[in-house]
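A.B. asks: Chains as they are written, first to last, in our numbering: chain A, 6 to 389; chain B, 8 to 275. By construction, the Cβ of each residue, glycine as well, lies at the ideal position given by its N, Cα and C atoms.
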Amino acid sequence: MDYFLTEEQQMIKEIAARIAREKIKPVALKYDEEGIFPRDIVKILADSDLCGVYIEEEYGGFGGGIFEMALVVEELSKACGGIALSFAGTGLGAFPIILFGTEEQKQKFLPDIAAGTKLAAFGLTEANAGSDAAGIQTTAVLDGDEYILNGTKQWITNGGEADVYTVIACTNREKGARGFSAFIVEKGTPGFSFGKKENKMGIRASVTSELVFEDCRIPKENLLYREGMGFIVAMKTLDRTRPGVAAQALGIAQGALDEALKYSQEREQFGKSISSFQAVQHMLADMAIQIEAARALVYQTCRYIDSGAKVFSKESAMSKVFASDTAMKVTIDAVQVMGGYGYMKEYPVEKMMRDAKITQIYEGTNQIQRNVIALEMIKELKGK
Amino acid sequence: MNVIVCVKQVPGTNEVKMNKETNTIIREGVEAIINPFDTYAVEEGARIKEETGGKATVLSMGIPSVAELLKETISVGMDEAVLLSDRAFAGSDSLATSYALSMGIKKIGDCDLIICGKQAMDGDTAQVGPGLAEKLGIPHTTYVRKIEEIKDGYIRCQRMTEDGYEVIEMPLPAVITVVKEINEPRLPSLKGKMKAKKTEVTVWTADDIGADKALCGLSGSPTQVVKTFVPEHNVDSEMIVGTPEEQARNLARKLLSMQFAIQVQEDE
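#1: Compute the distance between the beta-carbons of A/Thr331 and A/Ala258, then report whether it is under 8 Å.
#2: Hey, does B/Arg54 have any beta-carbon neighbour from chain A nearer than 8 Å?
#3: Please classify A/Ala174: is it buried, with 16 or more other beta-carbons within 10 angstroms of its beta-carbon, or exposed?
#4: Would you decide whether B/Glu275 is buried or exposed? Buried here means 16 or more other CB atoms lie within 10 Å of its CB.
#5: On a CA-only basis, which of A/Val326, A/Lys267 and A/Glu61 is nearest A/Gln295? Give me that one, please.
#6: Give the interface partners of B/Pro195 over in chain A, defined as CB-CB distance under 9 Å, in chain order.
#7: Relative to the alpha-carbon of A/Lys356, which residue among A/Lys35, A/Arg23, A/Glu19 and A/Leu104 has its alpha-carbon at the smallest distance?
#8: Less than 8 Å between CB atoms is the rule here; does B/Lys205 satisfy it with respect to chain A?
#9: Since A/Ala332 is in the alpha helix (DSSP H), which residue starts that stretch and which ends it?
#10: Quick one, which of A/Val316, A/Ala119, A/Gly388 and A/Leu255 has its alpha-carbon nearest A/Leu240's?
#11: Considering only their Cβ atoms, is the gap separating A/Ala119 from A/Cys56 smaller than 8 Å?
#12: Along the alpha helix (DSSP H) that carries B/Lys200, what are the first and last residues, could you check?
#13: Cα separation between B/Gly136 and B/His147?
#14: Which bits of chain A does B/Lys198 rub up against, with CB to CB less than 7 Å?
#15: A/His287: which of A/Arg44, A/Asp311 and A/Asp338 sits nearest, CA to CA?
#16: Assuming B/Val182 and B/Ile145 make a contact with CB atoms under 8 Å, what is their CB distance in whole Å?
#17: With DSSP as the reference, label A/Asp148 as helix, strand or coil.
#18: Where DSSP assigns a beta bridge to B/Trp211, which residues make up the other side?
#19: Where does A/Arg245 land, buried or exposed, given buried means 16+ other C-beta within 10 angstroms?
#20: Within the same chain, show all residues whose beta-carbon is closer than 8 Å to that of B/Cys223, passing over the 5 residues directly before and after it, in chain order.
#21: Can you give the Cα-Cα distance for A/Lys192 and A/Gly181, rounded to whole angstroms?
#22: Quick one: is A/Ile88 near chain B, going by C-beta distance under 8 Å?
#23: Starting from B/Thr64, follow its DSSP beta bridges and name the residues at the other end.
#24: At least one CB of chain B closer than 8 Å to the CB of A/Ser136: is that the case?
#25: With a threshold of 8 Å between beta-carbons, can A/Ile49 be considered close to chain B, or not?
#26: Using only alpha-carbon positions, find the residue among B/Val73, B/Gly217 and B/Glu79 that is nearest to B/Lys15.
#27: Between B/Thr209 and the rest of its own chain, which residues show a CB-CB distance below 8 Å, the 5 nearest in sequence each way excluded?
#28: Who pairs with B/Asn26 in a beta bridge, going by DSSP?
#29: Is DSSP giving A/Ala187 helix, strand or coil here?
#30: Please go through the segment 130 to 178 of chain B and give each complete beta strand (DSSP E) segment of 3 or more residues, from N-terminal end onward.
#31: Do the CB positions of A/Gly140 and A/Asn177 come within less than 8 Å of each other?
#32: According to DSSP, is A/Ile366 helix, strand or coil?
#33: Just the C-alpha distance for A/Ser321 and A/Thr306, rounded to the nearest angstrom, thanks.
#34: Taking just the CA atoms, how far does A/Ser278 sit from B/Gly27?
#35: For a contact defined as C-beta to C-beta under 8 Å, what are the partners of A/Phe100 on chain B?
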């Protein structure tokens, strides 16, 4: 399908595809097994000018939007959804600054992220605050020119590897959802350390850690937007970056189909290739249909967001749900098409199946996404 | 420091078709790539330019479509691209190629170092680099695996040999041909691709570079390929069939008879 990408978008896609094919694919299994963070790949992404595709030109980026980011994530994820996350997780950490940062904050933090010399991370989730973000226990108290942060963030992508963290903390317990604020915390700030590094089912080349704040003092200027707007910062950021997760899921699914299709032509049973059997053909066809439908939805959602739309929670949620459910189903089927070989680590689809699962869970579970979609529809109906 | 990198287009597939009259490779209509060895020359040229300042120019001789390949080198660090393209260059051997390239280099002018790949993947002669140096009357070193130092008027490099390396110093300007051990070529960057899109490849004819047409193309090529053919390998083979026991017995018998033959030879 021709999605009529601009010449620049086509270039971005080609560069990312080549990195995926030549640099990521050969190391994907090793990095997954050994849980190696892909510093070398980040360097390649930086040298190829991909780290700043979604950052404005005046801050050293390319000036694209979420679509450019999604194109990179999709291509990288075809080879490894975990390695792609070093890039996508940085996007999640950078978008609060892109969307809500002051000129000074943007000047200070975005150029290094655009150049790929610094990675970013986003800290929202806590042990008792997942889908219900209002349960956040981390606090920030203003003391003169500084905020003092205390608390622990959990399951933070790029935790420990990133240099710039956007963190949501409670500044006024009595105000409920209006009592949270967003802050930028730099690695190396006294009182800011990293706790447990998680041992995960999939995306094992991505690091997932605790962020621990113990009387961590940050300058007042590191408050993002305004006090009390932390929840808004988080929700607006997630609305915008969710198609990034969708793109990751899309890439994983496409990668799995590519492997299954190739294998089905090589593998012979009953004297012919298994791709000649209708049972296998129909599975491959169903995989392709779902992937193409997901791609059409993800791309169009990205374009809609980048067009300057104001409200897109529903569309963003739809793209994430559809692409991630597709990734799960397609990767399971890819393993099935490849049979015993698909189950073995010498073929990449078992890893893709493990990687796919997280896309249904993080940045809002698919159940929460369905809540968002339904509530938006009800709201729209009432508004008529 | 100004660098000129010479590259050659080679067929990207194994399905090479030959022109039966000239016995040269038909390059039209065949997927072409930059000779893989030359990509190391491009990378080294880009690095020298980035470290020392100056300009890196890529130079090639070939059919007009080579211009697109030269644009690719812009996306990986070259500044400018020059293509020598003229019917008069058709059928050039390594001598005529060296001559044409040397004339192109003279026209570009102001160059400190010329870098070539160690050889082309199709012809495998490894002659153009040294030939170029001779035509220009400057020193050269082949099989360079590392540049230890490069300064104004001077280069010290490691020349790979079968069992080690030699350290060679030369005055500049000079020609080096490089082996793949010298670096790892970068992938194209987004800014590089944007720049490549905007770059116009300069195309020069034989007249543009003031070349003597008698020294160009087929007429300038003392090497005439008389015949090209795929060598036939006739190997006598015999399948030993039967049950495993029979196969073993037959194989042993055959081996014994061969041993006898060898013994006979030794006796003689």
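C.D. replies: On the basis of the data shown:
#1: yes
#2: no
#3: buried
#4: Residue placement at B/Glu275 cannot be trusted, given a pLDDT of 48 that sits under 50; the coordinates are not used to answer.
#5: That would be A/Val326, whose Cα lies nearest to the Cα of A/Gln295.
#6: Met16, Glu19, Ile20, Arg23 and Ser53
#7: A/Lys35
#8: no
#9: Ser318 to Tyr348
#10: In the sequence as presented, Leu is not what sits at residue 240 of chain A; that position holds Met. Closest option to A/Met240, Cα to Cα, is A/Val316.
#11: yes
#12: Leu197 to Lys205
#13: 8 Å
#14: Asp54
#15: A/Asp338
#16: Contact flag correct, Cβ pair sits at about 6 Å.
#17: In the displayed model, A/Asp148 falls within a strand according to three-state DSSP.
#18: B/Leu91
#19: buried
#20: Asp93, Ala95, Phe96, Ser99, Ala103, Tyr106, Ala107 and Ala213
#21: One C-alpha to the other measures close to 29 Å.
#22: No, A/Ile88 lies away from the interface with chain B (no Cβ there is under 8 Å from its Cβ).
#23: B/Ile11 and B/Glu87
#24: It does not; no Cβ of chain B falls within 8 Å.
#25: yes
#26: B/Val73
#27: Glu87, Ala88, Val89 and Leu90
#28: B/Thr31
#29: strand
#30: 147 to 158, 161 to 168 and 171 to 178
#31: No, the pair does not count as a contact, with Cβ atoms beyond the cut-off.
#32: coil
#33: 6 Å
#34: A quick correction: the sequence has Lys, not Gly, at residue 27 of chain B. Approximately 40 Å, taken between the alpha carbons.
#35: What A/Phe100 touches in chain B: nothing, since even the nearest Cβ is about 20 Å away.
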